[in-house]
Each structure stands twice: as C-alpha cells, then as structure tokens.
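Taken in order, these protein sequences are the chains called A and B.
Each residue of the first sequence is one higher than the one before, starting from 1 at the first, in full-length UniProt numbering.
Each residue of the second sequence is one higher than the one before, starting from 1 at the first, in full-length UniProt numbering.
2 protein chains.
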Amino acid sequence: MLINVAETVVADALRGMAAVHPELTVDVEGRVIVRRDAPVAGKVGLVSGGGSGHEPLHGGFVGAGMLDAACPGEVFTSPVPDQMVRAAAAVDSGAGVLFIVKNYTGDVLNFNMAAELAEDEGIQVASVLVNDDVAVVDSTYTAGRRGTGATLFVEKIAGAAAEEGAPLERVEALARRVNESSRSFGVALGACTTPAKGSPTFDLPDGELELGVGIHGEPGRERRAMMTSGEIADFAVDAVLGDLRPNGPVLALVNGAGATPLLELYGFAAEVHRVLRERDVPVARTLVGNYVTSLDMAGASVTLCQVDGEMLRLWDAPVQTPALRWGR
Amino acid sequence: MLINVAETVVADALRGMAAVHPELTVDVEGRVIVRRDAPVAGKVGLVSGGGSGHEPLHGGFVGAGMLDAACPGEVFTSPVPDQMVRAAAAVDSGAGVLFIVKNYTGDVLNFNMAAELAEDEGIQVASVLVNDDVAVVDSTYTAGRRGTGATLFVEKIAGAAAEEGAPLERVEALARRVNESSRSFGVALGACTTPAKGSPTFDLPDGELELGVGIHGEPGRERRAMMTSGEIADFAVDAVLGDLRPNGPVLALVNGAGATPLLELYGFAAEVHRVLRERDVPVARTLVGNYVTSLDMAGASVTLCQVDGEMLRLWDAPVQTPALRWGR
C-alpha cells in the first residue's frame, strides 16, 4: 500500500486535499472538508460523510452545486457526531442543513445524535437516508438496505436544488425522491485490503465473483464461478429492475469498485446499455468511472435512478467539485 | 477480469464510449474516437493514440480544448497507421494536424508511416514525441526515454492553443516546449494483468516495489523492500528534479497506476507537496487521480512540468472531455 502508517492514512489524505484544492477548506485535525465560500448566504447547507475508503465519495463531491461539507471517518468506520456538528455549523447560513446519510447502523446513529446536538445549537437540520442497494436486506453493517451508488445522485441533484436557493423542505423532499427512485447492485471480482488489516478483508478465490457485494466487502446474494461482463450486466441490471420498474428514462451510474480498469468499465457500460435496451428502459445520462469505491476492490456496480424533467435538469446543472465538474 | 473475452476488450470499451458519450463520434470498427464537431473550421487538429490499457488516456481526453481524435491500439500494443490516417482525415480542417506520440518504438514507427500517408492525401502533419520518463534510458519497448504522464500536459496545453486558433507551427512548438519542460517517475507496488495473458505481466513479490517502473510494467531502476509514501515521494520527486531543475512554478500530476485507492493517492500528493516545499519548488497546480494508468497496476507516478505564464493560462483554459473538464 502507498501509505506511511495505517494510523495516519485519513489525516494524510486530508493534508493532500488541503494542498491540492485551494477551493476547499480542510480541517485536518477536525476531519471536515468544507467549500471555501461556506456558508453561502441564504443557501441550505448539504452535509454528508461516512467511513473513508470510498473516495471520491464524499470529500471529492464538496463544492458549488453539490455538498457544502463532508466528514470522513476512519476507513470503513463512521465519522463521529462532533465532526458532523462542526460541518453543520460551518455551512449553516440560517437556511438549515440537510444531512445525507448512507444506511449503515453507525452512520445513522451518529448522524442522528449530531442532528440533535446541532439543533441544540440552533441549527435547523433535516436528514435523508440513502438505502438503494437491492442485493440484500440486513447485512454486516446495517439493518435494511445498504446505501451505495445512489448517494452520488442524491448529493448531485439535491445539491443543485440547494445551489438554486430551494428551501430546506424542498431540498429534503427532492433528496428523498431521488433515493426512492434509485436502486443499485454491485459485484466483486476481487477483495479489498484495508490499511489497518494489511490483507484482504474477505476471501474471494481467483475465478469466483460475489454477486451483490456491499461497498465494504459485505456478503451479497451468492458466489459463482466467474461470469462474462455481459452475464454480469444481465444479472445486475435485472436485480435493479426487479425492484425499480421504471416507466421512464433513467440516469445510470456504472461505477468501478476501485481496481477495475476504466477499459473494462466502459466495456461493462456497453453491456449495461445493451440490457437496458432489451428491457425497453431509455437511458437519459450515464456516468462511468470510480465514484463510490471500496479501496482496491475489483468489481463494479450499477445504479439506476428514474428521473423526471426536474431531476434531469438538476443533474445537468453546473457542478464544481474535485471529482465531478461540468457547466459553470 | 470484468470482460467478455480478451479478443473483444478494446471493441467492447469503444461500444461503451459510443453509448455513454454522445459528444464523441466513435468508429468501433475503425478504432477511432473523434469529437463530434470535427473538423472544426480553421482549427489545427490534435491526434494521439497508443496501446489500450492506459485509460482515460487517450480516448478520455478527446473533446473541446484537448484532443480532436484518439486511436486506441490493442492492449499495450501500438495502433496501426490506418487508424491514424483515418483520424487525421476526420479532424483536418485544412489547418493541419499534430500527432502527439509517446516514445515507444512501435508507436513512433506507425505514426511516422501515418504522417507520410496523410501527407500523400494532402494533409499537413507535424509530430511531437513525448519522452518524459527519467527512470531509464532505453527500455523494453523503446529506445530513449519513455513517454508517460507528460502526455496529459502536452495534450491539454497544446489542445488549448489549438482551440484558440493557433497555427500548426505554434501548436507544435508549444507541445515540444511542454514535453521538454516535463519529467516523470513512476513506482509499482503490484503488477498488472492483461486480458490476453490473464495473469500478472511481471513478477513483483508482496512487500517489494519497483522504482522507475514503466507504464507497461517495464523494469525501472531498482527493486526494494516496501517504502513509506513519504520515502517514495522523496525518491520520485528527487529523480524528477535531478533532471528538470525548475527555476519557477510547476504543474504537478500525481497519477495513479490504476488500482491504488484515491485515499492513498491524496496522501501521496501531500508527501509530494512536502518534498517540493523542502526543495523550494513552488507548485502552481496539482492534478490527482488515475489519468495515465496501467490496467490494474498498483502504484503511482509523479510528473512535473515547469510552466511560464502562457502555459499556465492554457492549462487553466476550458476543457470538455470525458476525463478532464473545467471552465466553459
């Protein structure tokens, strides 16, 4: 691993973000990444966070048109309420703050506690839970469905609405609508290694894959002998469509787990598009790349979000973050 | 690997690019990726290409403000002259075409032949060789220094000049200047696996690293027991500065080889900045991410480019490609 020691991995990365991104304010000690111009007058503040190891999620999505702040925890470990309260205080302009929380037990508990603490400080807080992963109900780290790729859609679309000046109630409702309109399914072709452990966190023999893996390597639905890209696309898209049943166009995220080459991801994207065509699901936009990762896991996930005209317009709206940038 | 069969990996990826990027024209059969609005009237056309497996290089850099076309070869194999001639013909508006060629024997031969063929068709062609890798002189695939990360700087800065309407002679001179002002050094912490071979292309035991590795896994300067991120930054930056000796600000690319998590890359970027500060080299801009990859190789490289005001202005100029986007 390209690290100094396991204990400083998150702090080292934050020092790097501070050095490289002058448009962000990075509190290395306090573990909060904030857009430099926060709080933006009259604007609802969007705060997210979670365990590290999923980069660019969430810190790479801080900036105009998306998150106002992110709180990174230790690798695969929830951040603590103090970080979230600090983030909320840094971004609140008086218009309130939305917490975007992936559904893992630790994150949910800590964000709930942070919401209470922030309210005590006079900050109005709403929270939205992201739980898009259709692979399993109840898993290693959570009760209910896990939160994965839809987080990017929620952060981008709600972020665009907040940037336009939408009030907290509307930003919250929109974030909830994006989550409810999104489903994901992921596969692992190779395990990931956390800095603390230094060896693979789960055992996945060469020539096998895990269908429905979680973003921390949690078990999925089943393990099989290696499948082709096309077969994996069939399985993943059908798993998503089994639960989503869109009756209109979708946003598609073809997301790399970390170690799968972009060459392979684009080939997989071709297969995802083929399956969606065969199922008569029109695709409005597709994003291909490593956005919600699991350290050096090999594999990919598919997230679909059924969009209406407003959601699509907000998806296309300008965004200026380290990892997602378009428009102006 | 997330593939169908090894034989269709490049075609599958091109089908994916065609499906996902309506702003590009992708000739899957002919293996050329072209910006949709090419040829742009009065504009010099920029064409690059090389073996696949380094994505997003080069196809991900096609678009306004960067490349007009890219020709992907098979994995780690030069594209053929026919592809390059097709690309040149597709982007030439009469203002001429610049070939940007990484210094590998096969690429150099094929781009030279393509330049002759294109000239026969009445297209004015200039070529610039990128040879920034200070690790070794002469290597597995080439005579002289290898071309690696500086390719991104050449394509971006020359691309911005061409977009502004600079004539071929000036775009060529600028591309040459960027290459001459750039040096790179890479390290591998784990080998990569090509689809055709299906097993690691070189042998790198756990707990060792290759200092000065090439982007196809070619041997570098030496193999050592694992070093810390800080020690690797010292070694890599000093190797670059031993040859570059900048007397002004630099652009820095902290590039991932493919399988190294962004979390680790940002930590490495912090160390690269520390070393540059200690060596009194000011950093104007830093780009961190997987831009010139080697399939699923673990590791990273550092590229520095000494910039003057014009080069920095052109670096900051708008770019709209799949992998690099800013401004408008």
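Note that CB positions come from ideal geometry on N, CA and C, so glycine has one too.
Per DSSP, reduced to three states, the secondary structure at B:P200 is strand.
Using a Cβ distance threshold of 8 Å, A:F61 and A:A257 do not count as a contacting pair. A residue is called buried once 16 or more other Cβ atoms fall within 10 Å of its Cβ, and B:P246 is buried on that count. The DSSP-derived three-state label of B:F153 is helix.
Taking 8 Å as the threshold, the shortest C-beta distance from A:N131 to chain B does not fall below it. Of all residues in the segment 241-264 of chain A, those with a C-beta nearer than 7 Å to a C-beta of chain B are G258, A259, T260, P261, L262, L263 and E264, reading in chain order. Within chain A, the C-beta atoms nearer than 7 Å to that of B:M17 come from Y266, in chain order.
Secondary structure remark: continuous beta strand (DSSP E) runs of at least 3 residues inside the segment 170-218 of chain B, in chain order: 182-190 and 208-211.
A:L174 places its beta carbon 8 Å or farther from that of A:A150. Among the bridge pairs identified by DSSP, A:R35 is matched with A:L24.
For B:A126, the enclosing beta strand (DSSP E) stretches over residues V125 to V130.
With a cut-off of 8 Å on Cβ pairs, the segment 107-117 of chain A is not in contact with the segment 52-61 of chain A, counting fewer than three such pairs.
A Cβ of chain A is located within less than 8 Å of the beta carbon of B:I3. Spanning the alpha carbons of B:G30 and B:V136 requires a straight line of approximately 34 Å.
A Cβ-Cβ distance of about 18 Å is found for the pair B:L2 and A:F202, leaving them out of contact under the 8 Å criterion. Annotation for A:L14: V26 and V28 place their beta carbon closer than 6 Å to its own, counting only its chain and skipping 5 residues before and after. Burial check for B:R325: the Cβ neighbour count within 10 Å reaches 16 or more, so the residue is buried.
For the pair A:L24 and A:E155, the CB atoms are not nearer than the 8 Å cut-off. At a Cβ-Cβ threshold of 8 Å, B:F99 and B:S127 count as neighbours. Per DSSP, reduced to three states, the secondary structure at A:I100 is strand. Closer than 8 Å to the CB of B:D12 there is at least one CB belonging to chain A. Per DSSP, B:E55 lies in no alpha helix (DSSP H) segment and is marked neither H nor E.
A direct Cα-to-Cα measurement between A:H216 and A:S294 gives close to 6 Å. DSSP places A:A225 inside the beta strand (DSSP E), whose first and last residues are E222 to A225.
Residue pairing by DSSP leaves B:P81 without any beta bridge partner.
Remark: C-beta atoms of A:V240 and A:R183 approach each other more closely than 8 Å. Within the segment 49-61 of chain B, S52, G53, E55, P56 and G60 place their CB atoms closer than 8 Å to a CB of chain A, listed in sequence order.
In this structure, the straight-line span from the alpha carbon of A:E172 to that of A:R145 is close to 20 Å.
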